[in-house]
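Asker:
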Amino acid sequence: MPVEYVNEVQRAQTSHLPDPYDPTPIQRGITVYYTDLKVGGISFAIIEDRKFKSGPKGLIPQQGPRPDHVRNPNYDPKTIDVPQAVLLGERQLKFLREWGQDWKGAEMKAVLSQTIFCGGAHIHGKIGGRLHADLDSNGWPQAGRNRAIDAMRRSFSVHIAGDQHLGTIFQHGIDDWDDSVFSFCVPSIANLYLRWWSPLEPGANRLQGMPDYTGRHLDGFHNKVTCWAAANPKMKAEDFKKGGKLTTRAAGFGVIRFNKSSREITFQCWPRNVDITDPESKQYLGWPKTIRQEDNYSRKAAAWLPELKITGQADPVVSVINEKSGEVVYTLRIKGTSYRPKVFSKGAYTIRVGEGKRVKTLKGIRPLEEGKSATLNIAL
């Protein structure tokens, strides 16, 4: 559609949001809306994971009926992770990094986007419509996907999205399974396009009694993902003839509860037309699920810094900076007044504690030897 039309539709759908982080239009004068919004002590980053993303046509060889559908089961995922392919783009990555360090008025953080950062479905459109990889998903490009997830986990943010037409819970991994954020993709309220999460092999590390499709998997791009739940439609065509299209196709809605006192996040996923006030009503299999805020950066520590004992400020903000690279490892509003920062490499670190005019900066802090302990007392 013409640029004027695109901008007008976008204005109608996003003008209720705060001003964009950086309002500079993209090519041809198309406007942007990525921004952040605080509600009830939760800071939401709202990003545009479609607008800046490269299209696969012309970047990689087509291996299916569409440029974004890979139907060749023998393709090598590494061959399509081309360096010129963009997902969020540097502008939005810069936004996520800076937003992740800003905890004013925020106790917890979440990222909202169109879709999740993996290939979250195997079967598309109809029973038997298996794709080996769907480049329309945010599992591609893989390098861009990893950069996006890495930016999110540095603020212990949970990821909330839709668009897959299928309710799922994944924990994402970059270098190893489960080292990054949880995502909750809510199902469509009117699900007319079917998708299934249906891997050919059972997942590893499944909990006892959980379906084969849960557990650790590689998606179609060889991204590491752990599936905790998937609200799959039925798998027999006759099941769709027994009711209306809006009640037989895994339609529904999600609810996300942020418990600021316990720093827990609970995902709920309800079928459409269910009376949720009825104690007999059940959510989709695998829900509800509760995670801890810090589960969104479950990367294993290579070492630990001394424990921080803080006075003068309740639930202060703690930021850990790698002095060699200058990068912020993570920033978090802790719960309470003590915290033991984990780090992922040896070397010296700067720890910044507090906010506003009451901030203390400690430089040259080194990890302790395994089994050792020490305390840093910080008065704000």
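The sequence shown begins at 97 in the numbering used here and counts up by one.
Glycine residues also receive a C-beta, built at the ideal position from the N, C-alpha and C atoms.
#1: Starting from T362, follow the beta strand (DSSP E) in both directions and report where the run begins and ends.
#2: From the DSSP output, read off the bridge partner residues of K385.
#3: Quick one: what does DSSP say A239 is sitting in, helix, strand or coil?
#4: For the region 222-273, list the alpha helix (DSSP H) runs that are entirely contained and at least 4 residues long, ordered along the chain.
#5: Quick check: G382 and W324, are their CB atoms within less than 8 Å of each other?
#6: Grouping DSSP H, G and I as helix and E and B as strand, with all else coil, what is I372?
#7: Taking W292 as part of the beta strand (DSSP E), name the residues at either end of that continuous run.
#8: By how many angstroms is the C-alpha of V254 removed from the C-alpha of I265?
#9: Are the region 423-442 and the region 393-413 in contact at 8 Å, needing three or more beta carbon pairs?
#10: Could you check what DSSP says for I474 in three-state terms: helix, strand or coil?
#11: Can you name, in chain order, every residue of its own chain whose Cβ lies under 6 Å from the Cβ of T446, other than the five neighbours on each side?
#12: Tell me whether D145 is buried or exposed, calling it buried when 16 or more other Cβ atoms sit within 10 Å of its Cβ.
#13: Does the contact criterion of 3 or more C-beta pairs under 8 Å hold for the region 154-163 versus the region 131-140?
#14: Can at least three beta-carbon pairs, one atom from the region 169-179 and one from the region 401-408, be found at a separation below 8 Å?
#15: Report the residue ranges of all beta strand (DSSP E) runs contained in full by the region 405-470; include only those spanning at least 3 residues, in chain order.
#16: Output needed for D164: all residues of its chain with C-beta closer than 6 Å, excluding positions within five of it in sequence on either side, in chain order.
#17: Per the DSSP calculation, S279 is bridged to which residue(s)?
#18: Does the region 367-384 come close enough to the region 430-439 to have 3 or more Cβ pairs within less than 8 Å?
#19: Below 8 Å on the Cβ atoms is my contact criterion, and I expect G299 with A327 to pass it. Report the Cβ-Cβ distance as a whole number of Å.
#20: Cβ atoms of S251 and G196: under 8 Å apart, would you say?
#21: Of the choices F148, G258 and S357, whose alpha-carbon is the least far from that of L183?
#22: For a test of the three-state rule: what should DSSP assign to W400, helix, strand or coil?
Answerer: So, to answer that:
#1: Element bounds for T362: E360 to P367.
#2: Its beta-bridge partners are F363.
#3: If DSSP states are grouped into helix, strand and coil, A239 belongs with the helices.
#4: Runs found: 238-249.
#5: Yes, the pair counts as a contact, with Cβ atoms nearer than the cut-off.
#6: It is coil, neither helix nor strand.
#7: Its beta strand (DSSP E) spans residues L290 to W292.
#8: Cα-Cα distance, rounded: 11 Å.
#9: Flag = yes, the region 423-442 and the region 393-413 touch.
#10: Taken through DSSP and simplified to helix, strand or coil, I474 comes out as strand.
#11: Counting only Cβ-Cβ distances below 6 Å, and skipping sequence neighbours, we find I417, E419 and K459.
#12: Buried.
#13: Taking 8 Å as the limit for Cβ pairs, the verdict is that the region 131-140 does not touch the region 154-163.
#14: No: the two stretches stay apart, fewer than three of their Cβ pairs being nearer than 8 Å.
#15: Runs of the beta strand (DSSP E) inside the region 405-470: 413-418, 424-429, 445-451 and 454-461.
#16: Excluding residues within five positions, the ones whose Cβ falls inside 6 Å are P152, L231 and D232.
#17: Partner(s): H255 and F266.
#18: Between the region 367-384 and the region 430-439, the count of C-beta pairs closer than 8 Å stays below three; the two stretches do not touch.
#19: At roughly 16 Å, the Cβ-Cβ gap does not stay under 8 Å, so G299 and A327 are not in contact.
#20: It is a contact, given that the beta carbons lie within the stated cut-off.
#21: If we check each option's Cα against that of L183, F148 comes out closest.
#22: Strand at W400.
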